[in-house]
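Numbering (this note's numbering), first residue to last: 1 to 377. Each residue gets a CB set at the ideal place from its N, CA and C atoms; glycine is no exception. These numbers come from a predicted model, not from an experiment. Beneath this line is the structure, given in structure tokens, with notes to follow.
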């Protein structure tokens, strides 16, 4: 083995260790001691620009390392500089990602997750050259490039945007759950050809999955009763972004109180998604009324938890509501828009009303299921 190759391999091992150290750092919270050592608190805009710039450097250095170490024509002596540059960029990149902790936990979680994926991919590339003589180096390089591009594209501009992003993802999953319930009722009402259904069921049985059982009339009745609860819960969740989060100004996004209020939302939203998925699961035949009752109650409670969070004065303060109302009234006087008149209404009143409908639907489900359970005994 030539001395140049030995030196390059040593540099690659050092790069691998640097990536491991960066990954460890990304898993540690940003401490008060670290904050106190900062000369100044970098703004979210500055950190985002640095994050993007470091991603570009990592992309470029990775490409250079791959080109000079490709197995078909390796040039170990030319690899030292880009390997060193890549290690420096990885360290700075991890540090930059941890600094997002200053601007909200949701944004910080996204930045750390993206940075960890990139660091893991670079570490895997270094290991490929060290342990496998560059086997699959093109695949490893492509993975780094793909993750860099994904991070460039997906990093939210601020904590508010990060919360919106997660909320919208959950909203889509809730929409899928509602469609699943609608499909259950459509399938139950279609009265499919028995022979065709049996043949399809047999095919699933052969694969070892088994087919879902047909709903009884009582189960269809329960599903129809649950449908309004799911619809109101989904509608409530859907309106949070346009009626609450979109009303928040990015100019006040740096407030620690606002960060805390925003960071409470993703877990609330996810709890609604999980509760709704449990409702859907309990609707499949054969239904168990006690389990369905518990699932419906959990869904209503999850919406109550969201309500308590979004009506926090920090997110839905009277001052913000009055400002929005003034803007919409101004638009109304100029445009005469009925849509503007609707938007001018106090969002708190709408959410209170929708929550009341959720409670009403949940109560109807509970009363129906109690009757079914009582009759069964």
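**Item:** Secondary structure of residue 186, DSSP reduced to three states
**Value:** Counting from one through the chain shown, the residue named residue 186 turns up at place 186. Here residue 186 sits in helix by DSSP.
- Query: For residue 34, which of helix, strand or coil comes out of DSSP?
  - Reply: Here the question's residue 34 lines up with position 34 in the chain shown. The answer is helix: DSSP assigns residue 34 an H, G or I state.
task = With a 10 Å radius around its C-beta and 16 neighbouring C-beta atoms as the bar for buried, classify residue 221 as buried or exposed.
result = The residue labelled residue 221 in the question sits at position 221 within the chain shown. Exposed.
In this structure, how does DSSP classify residue 158 when only helix, strand and coil are distinguished?
Within the chain shown, residue 158 is the residue found at index 158, counting from 1. Coil.
Subject >> Alpha carbon of residue 130 to alpha carbon of residue 8, nearest angstrom >> reply: Taking the first residue of the chain shown as 1, we reach residue 130 at position 130. Taking the first residue of the chain shown as 1, we reach residue 8 at position 8. If you take the alpha carbons of residue 130 and residue 8, they lie about 9 Å apart.
Checklist line | Whole-angstrom distance between residue 224 and residue 286, CA atom to CA atom | finding: Here residue 286 corresponds to residue number 286 of the chain shown, with the count starting at 1. Here residue 224 corresponds to residue number 224 of the chain shown, with the count starting at 1. One C-alpha to the other measures close to 15 Å.
message: Quick check on residue 290: does DSSP put it in helix, strand or coil?
response: The residue given as residue 290 occupies position 290 in the chain shown. Note: residue 290 maps to helix in three-state DSSP.
inquiry  = Using the Cβ count rule (16 or more neighbours within 10 Å means buried), how would you classify residue 41?
reply    = Counting from one through the chain shown, the residue named residue 41 turns up at place 41. Under this definition residue 41 is an exposed residue.
Quiz prompt | Beta-carbon contacts of residue 257 that lie in its chain and below 8 Å, excluding the five residues immediately before and after | solution = Counting from one through the chain shown, the residue named residue 257 turns up at place 257. Once the five neighbours on either side are set aside, the close Cβ partners of residue 257 are 314.
* **Boundaries (first-last residue) of the alpha helix (DSSP H) holding residue 226** => Counting from 1 along the chain shown, the entry for residue 226 is found at position 226. Segment 217-243, the alpha helix (DSSP H) holding residue 226.
Under 8 Å Cβ to Cβ from residue 310, same chain only, skipping five residues before and after it: list those, please. Residue 310 sits at position 310 when you count from the first residue of the chain shown. Contacts found: 240, 244, 265, 316, 351.
- prompt: When you compare each of 47, 38, 75, 26 to residue 4 by their alpha carbons, which one comes out closest?
  reply: Walking along the chain shown from the start, residue 4 turns up at place 4. For the residues 47, 38, 75, 26, the minimum Cα distance to residue 4 belongs to 75.
Apply the 10 Å Cβ neighbour rule to residue 133 and answer buried if 16 or more other Cβ atoms are within range, or exposed otherwise. For the purposes of this step, residue 133 is taken as the residue at position 133 of the chain shown. When all chains shown are included, residue 133 counts as exposed.
**Asked** Does the Cβ of residue 381 have 16 or more other Cβ atoms within 10 Å, making it buried, or fewer, making it exposed?
**Response** No answer is possible for residue 381: the residues shown for the chain start at 1 and end at 377.
When DSSP labels each residue in this structure, what does residue 126 get in the three-state scheme? In the chain shown, the residue the question calls residue 126 occupies position 126. DSSP places residue 126 in helix when its eight states are reduced to three.
- Query: For residue 302 versus residue 272, is the C-beta spacing smaller than 8 Å?
  - Reply: Residue numbering aside, residue 302 sits at position 302 when the chain shown is read from its first letter. Residue numbering aside, residue 272 sits at position 272 when the chain shown is read from its first letter. Yes, these two residues count as a Cβ contact at 8 Å.
Quiz item: Taking C-alpha atoms, which residue in 104, 68, 50 lies nearest to residue 89?
Solution: By 1-based counting over the chain shown, the position of residue 89 is 89. Checking every option, the nearest Cα to that of residue 89 belongs to 50.
Within 10 angstroms of the Cβ of residue 164, are there 16 or more other Cβ atoms? Answer buried if so, exposed if not. Locating residue 164 in the chain shown gives position 164, counting from the first residue. That one is buried.
Taking just the CA atoms, how far does residue 291 sit from residue 104?
-> Taking the first residue of the chain shown as 1, we reach residue 104 at position 104. Taking the first residue of the chain shown as 1, we reach residue 291 at position 291. Taking the straight line joining both Cα atoms gives about 38 Å.
**Endpoints, alpha helix (DSSP H) assigned at residue 104** = What you label residue 104 is simply residue 104 of the chain shown in a count that begins at 1. Segment: none, residue 104 is in no alpha helix (DSSP H) and carries neither H nor E.
Item to complete: Decide if the region 138-153 is in contact with the region 176-185; the criterion is three or more beta carbon pairs, one per stretch, under 8 Å apart.
Response: no
*Could you tell me the distance, in whole angstroms, from the CA atom of residue 22 to the CA atom of residue 137?*
Here residue 22 corresponds to residue number 22 of the chain shown, with the count starting at 1. Here residue 137 corresponds to residue number 137 of the chain shown, with the count starting at 1. Approximately 22 Å between the Cα atoms of the pair.
Under a Cβ-count criterion, where at least 16 other Cβ atoms within 10 Å of its own Cβ denotes burial, should residue 153 be classed as buried or exposed? The residue labelled residue 153 in the question sits at position 153 within the chain shown. Answer is exposed; the Cβ neighbour count stays below 16.
Just how far apart, CA to CA, sit residue 274 and residue 124?
-> Counting from one through the chain shown, the residue named residue 274 turns up at place 274. Counting from one through the chain shown, the residue named residue 124 turns up at place 124. Near 34 Å, if we compare the C-alpha coordinates of residue 124 and residue 274.
Can the beta-carbon of residue 238 be found closer than 8 Å to that of residue 171? As a first step, residue 238 is located in the chain shown; it is residue number 238 there, counting from the start. As a first step, residue 171 is located in the chain shown; it is residue number 171 there, counting from the start. Yes. Within cutoff.
Open item on the list: Please state the DSSP three-state secondary structure of residue 316.
Closed with: The residue you call residue 316 lines up with position 316 of the chain shown. Note: residue 316 maps to coil in three-state DSSP.
CA-to-CA distance, residue 156 to residue 284, given in whole angstroms: The residue labelled residue 284 in the question sits at position 284 within the chain shown. The residue labelled residue 156 in the question sits at position 156 within the chain shown. Cα to Cα, residue 284 sits roughly 38 Å from residue 156.
- Query: How many Å lie between residue 235 and residue 14 at the Cα?
  - Reply: Sequence index remark: in the chain shown, residue 235 carries index 235 (1-based). Sequence index remark: in the chain shown, residue 14 carries index 14 (1-based). Spanning the two alpha carbons is a distance of roughly 53 Å.
List, from N- to C-terminal side, the alpha helix (DSSP H) runs of 4 residues or more that fit wholly inside the region 24-83. 32-36, 44-69
| task | Using the Cα positions of residue 230 and residue 217, report the straight-line distance between them to the nearest angstrom. | result | Position 230 of the chain shown, counting from 1, holds the residue named residue 230. Position 217 of the chain shown, counting from 1, holds the residue named residue 217. So the two alpha carbons sit approximately 20 Å from each other.
Would you call the region 92-109 in contact with the region 62-78, where contact means no fewer than 3 C-beta pairs closer than 8 Å?
no
Quick check: the Cα distance between residue 253 and residue 158, rounded to an integer number of angstroms? Within the chain shown, the letter at position 253 stands for residue 253. Within the chain shown, the letter at position 158 stands for residue 158. Per-residue confidence for residue 253 stands at a pLDDT of 48, beneath the threshold of 50, marking its modelled position as unreliable; no derived number is given.
Residue 288 versus residue 369 - alpha carbon distance | Position 288 of the chain shown holds residue 288. Position 369 of the chain shown holds residue 369. Spanning the two alpha carbons is a distance of roughly 10 Å.
- Neighbourhood of residue 55 by C-beta distance below 6 Å, restricted to the same chain and skipping five residues each side: To locate residue 55, count along the chain shown from 1; it is residue 55. Cβ within range, chain order: 148, 151, 152.
Does the distance from the CB of residue 97 to the CB of residue 160 come in under 8 Å? The residue given as residue 97 occupies position 97 in the chain shown. The residue given as residue 160 occupies position 160 in the chain shown. No, the pair does not count as a contact, with Cβ atoms beyond the cut-off.
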